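Enquirer: First the structure, which I've put down as structure tokens, then a few questions once you've had a look.
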Amino acid sequence: MSTPKARKSIKVGGNVGVLTGRRNRQETMLSIRKAKKEDAYATRRNLKANHPPAACQTASRKELLLNLASRSQALLL
């Protein structure tokens, strides 16, 4: 019976470890920036969905003011 041989790690010379560390850091920073951008987009989209357009608000506000004015005029007569 042959015994299994232990694997030997192969070391590569040079700055390979440094490059992979820098690459990982850059990828992490990139993913963080991307996530922030996506969050900002989602926030803007949700704010737009929760608030009706300004034109609709001003029209209803104008109707409310006209209604209030006519009721006040009726009370004064």
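For the sequence shown, this note's numbering gives the first residue as 1439, with consecutive numbering after it. Note that beta-carbon positions come from the ideal geometry of N, C-alpha and C, so glycine has one too. Predicted model only: the values in this text are computed from it and were never measured.
1. May I have the straight-line CA-CA distance separating LEU1468 from THR1481, to the nearest angstrom?
2. DSSP state of LEU1504, grouped into three classes?
3. Tell me the DSSP secondary structure of LEU1515 in three-state form.
Expert: Let me spell this out:
1. Here the question's residue 1468 lines up with position 30 in the sequence shown. Here the question's residue 1481 lines up with position 43 in the sequence shown. Rounded to whole angstroms, LEU1468 to THR1481 spans 20 Å at the Cα level.
2. Mapped onto the sequence shown, residue 1504 falls at position 66. LEU1504 falls in the helix class under three-state DSSP.
3. Your numbering for residue 1515 matches position 77 in the sequence shown. Coil.
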